[in-house]
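Residue numbers (this note's numbering): 1010 to 1067.
What follows is a single structure, written as structure tokens, with notes after it.
Right under this line is the structure:
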């Protein structure tokens, strides 16, 4: 297996993308409520600071 490298994306960028997804997909916004970008950023910061835990994207 060849590993090309690792990509680091700031929590603010991920939160901006998540906020966009939440507001643009029908039905998702009502499930999430009115989460602001600050709340989403705090979530990603708490996940990434939890002792090496992270979010895996496949």
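Yeah, the Cβ is synthetic: ideal placement off N, Cα and C, and Gly gets one too.
On a predicted model such as this, the values are computed, not experimentally measured, just so you know.
### Task
Look at the alpha carbon of residue 1013 and the alpha carbon of residue 1033, and state the distance between them as a whole number of angstroms.
Position 4 of the chain shown, counted from the start, is the residue given in the question as residue 1013. Position 24 of the chain shown, counted from the start, is the residue given in the question as residue 1033. Spanning the two alpha carbons is a distance of roughly 32 Å.
### Inter-residue Cα distance where the pair is residue 1024 and residue 1051
Here residue 1024 corresponds to residue number 15 of the chain shown, with the count starting at 1. Here residue 1051 corresponds to residue number 42 of the chain shown, with the count starting at 1. Distance between residue 1024 and residue 1051, taken at the CA atoms: about 9 Å.
### Query
DSSP state of residue 1055, grouped into three classes?
Residue numbering aside, residue 1055 sits at position 46 when the chain shown is read from its first letter. It is helical.
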